[in-house]
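Residue 48 is where the sequence shown starts when you use my numbering, and the numbers rise one by one after that. C-beta atoms are modelled at their ideal positions from N, C-alpha and C, and glycine is treated no differently. Here the structure is a predicted model, which means the values were calculated and not measured. Structure, as structure tokens:
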Amino acid sequence: VEAAAEGDFAAAASAGHTNASIAAATGTSVGEVEQNVPGRTYKQVDTCAGEFAAQTPYYYSARKPEFFRGPFEGDSAGNELRVDRDMESVVVVGGGPIRIGQGVEFDYCSVHAVQALRDMGIDAHVVNNNPETVSTDYDTSDGLFFEPITAEEVADVIEAIDADGVMLQFGGQTSVNIGHPLESELDRRGVDCEILGTTIDAMDLAEDRDRFNRLMDDLGILQPEGGSATSEAEALDLANDLGYPVLVRPSYVLGGRAMEIVHSDADLKEYIEEAVRVSPDKPILIDEFLADGVELDVDAVSDGEDVLIGGVMEHVEAAGVHSGDSACMIPPRSLDDETMARVREVTEDIASALDTVGLMNVQLAVKQNEDGSNDVYVLEANPRSSRTVPFVSKATGVPIAKLAAKVMAGNSLADLDVSEQIPEQVSVKEVVLPFDRLPGSDPRLGPEMKSTGEVMGTATSFGKAYEKAQSAANDPVPADGTVYVDLADPEFPDADSEAGQELLDAFNEYYEVLTPEDVDDFLTMLREGDFDFVVSRDRDTLIDCVEEEVSYFSTYASAKAALEARGAADEDIDVLPVGERPRVVANWGQ
């Protein structure tokens, strides 16, 4: 940077800085920087340690030692990239580093997209920078470029291989975020490369609260009421108009970060004072909270006309737990035919309105009215891959990521001759939580996502599938022993209520039950192994459970699911390969 400030752009570029960062640091244009720095080439990674000539198409970028204009044509003698420009080629942009909210599920989508393209005879190249993924294995793609996920680096790869198209929707939010900058960069360079699939503007529309709300109103699709506030006074007025509890979050973060459910004016004031700084530039979003609503996820593929629903998932946890942290099941078990038909209608209407080409995920909530009918609300829609795609594909046998890549490459769903499939068995997805690696962190599930992975269990009943999933997540449901049950938190029914007594009686059927009234020193008893698992919402109690490696359930829904799992413990395991699990060829919601 110091060299760049002194006008030596070449030295800064050779030190690894991008043209864009040099321009930003020096107040110049990217075009001016490009005229004064060496061009890029791509060096082959020597996977043979110099013993043999490496044949793997695995590259990293480097600046040429001399000024270089023109095409990115490398020197084969120097182990540099050489390109067959007669082959049709597509770049698939990966998801970058794995972190909370951006997991290996997106790498699954990228790899399946690459496989589909190669099956079509298209050269598939990957841009990604995470060595811990399958997409960065040397033999996954026709070309692997180990580069940062930025518009400049991706445009360099596109220009280097003369790519015909680029796919952004398989890498999750990381790849989608470079959509507009990449579009502008390709246009600035005059590079003829199409961003395949759903348009960048349609993706923006889905993420823009005001535009998306207007679209849903036009389509007649229900949404939770809500709005934004730029001051504490506005926030209090809005929350009281909506009625507590409400869901609040900053408008400028992703993945549910700093999202909370607040129940009173005092809670909202505390949230504004301690969690976020509300201002005209950084408003907070306040939404009606659909208490007791059943949340759903729908993954679908559209070719711009027809829609194939890959699967409809019902969340185990009630509304208020982030979709990425809730266990979920496929097929759903609490929806009637009329509600399922409405779920399908809403999904198809949104896909059509967004001109979706490729994958789309829709998050919905079903709320029961006093007359017993159900209303279907849309929470959000994302015309891109989602973290549930691998689960849906394995549960149903429909490879939706591959289908999406093929329709993005020009096929129609009719051309592909594929059908929707509804599994006859129940599959449960459970999350893997990182609290054992993060001592002292809050283990309670809520609207802020905390999980870093997921596992899956499949069986003929929900209880058995949930038991399998819990065991895989290293949080097994014990067959017998002692359970500590603390129902003090509002998440659970009051211990003296009918629902609370039913829960305690159900646990008494299988376990010795101890409550806070029975325990003088919880931590000592926990450390001495007196509890086999715990049901509680208390933060300190759950932190102790994590430290002592004792299973726990922190929501009413998960506690009831654990009881179902215990009831199904004696059922057959029913281990079957994914491809042999029974399924029915039928359309969801029809």
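Every alpha helix (DSSP H) stretch that sits fully inside the stretch 215–283 and reaches 4 residues is listed by chain position as 219–223, 226–236, 247–254, 256–266. Rounded to the nearest angstrom, the Cβ distance from Leu289 to Glu335 is 5 Å, consistent with a contact under 8 Å. Put simply, the stretch 65–74 does not touch the stretch 137–153. Fewer than three CB pairs are less than 8 Å apart. Under the three-state reduction of DSSP, Val204 is assigned to helix.
Residues of the same chain with a CB within less than 6 Å of the CB of Pro490, apart from the 5 flanking positions on each side, are Phe482, Leu589, Val593 in chain order. Minimum Cα-Cα distance from Val582 among the listed residues Ala101, Ala535, Glu199 corresponds to Ala535. Look at Pro437 here: in three-state DSSP terms it is helix.
When C-beta atoms of the stretch 97–113 are compared with those of the stretch 184–198, three or more pairs fall below 8 Å, so the two segments count as touching. Beta-bridge partners assigned by DSSP to Gly212: Val137, Glu241. Counting only runs of 4 or more residues that sit fully inside the stretch 353–433, the alpha helix (DSSP H) segments are 384–400, in chain order. Within the stretch 447–500, the complete beta strand (DSSP E) segments at least 3 residues long are 468–470, 473–479, listed from N- to C-terminus. Annotation for Tyr603: the continuous alpha helix (DSSP H) segment containing it runs 603–614. Out of Gly547, Pro525, Val439, the CA that lies nearest to the CA of Glu501 is found in Val439.
DSSP lists no beta-bridge partner residue for Thr180. For Glu549, the enclosing alpha helix (DSSP H) has its first and last residue at 545–557. With the rule of 3 Cβ pairs closer than 8 Å, the stretch 258–265 does not count as touching the stretch 221–229. Distance between Pro624 and Val475, taken at the CA atoms: about 16 Å. Pairing Ala210 with Lys449, the inter-Cα distance amounts to about 20 Å. Nearest C-alpha to Thr277 among Tyr291, Arg296, Pro271, Gly267: Arg296.
Of all alpha-carbon atoms in Ala338, Gly357, Leu283, Leu332, the one lying nearest the alpha-carbon of Lys316 is that of Leu283. Taken through DSSP and simplified to helix, strand or coil, Gly190 comes out as strand. Ranked by Cα distance from Gly614, the options Gly636, Asp567, Ala520, Glu514 are led by Glu514. Comparing C-alpha distances from Val213 to each of Gln548, Gly190, Glu241 shows the shortest one belongs to Glu241. Residue pairing by DSSP places Asp344 opposite Met360, Gln410 in a beta bridge. Going by beta carbons, Val84 and Ala62 fall outside the 8 Å limit.
The alpha-carbon of Val560 is positioned some 8 Å away from that of Leu551. A distance below 8 Å separates the beta carbons of Val423 and Arg389.
Straight through space, the alpha carbons of Ser605 and Asp203 are spaced by roughly 48 Å. Residue pairing by DSSP places Phe580 opposite Val530, Ser598 in a beta bridge. The beta carbon of Asp312 sits closer than 7 Å to the beta carbons of Leu283 from its chain, once the five residues preceding and following it are set aside; these are given in chain order.
The Cβ atoms of Leu406 and Ala451 lie closer than 8 Å to each other. The C-beta of Thr183 has 16 or more other C-beta atoms within 10 Å across all chains shown, which makes the residue buried. Burial check for Val181: the Cβ neighbour count within 10 Å stays below 16, so the residue is exposed.
Here Ser108 carries a strand assignment [DSSP, helix/strand/coil]. Per DSSP, reduced to three states, the secondary structure at Asn287 is helical.
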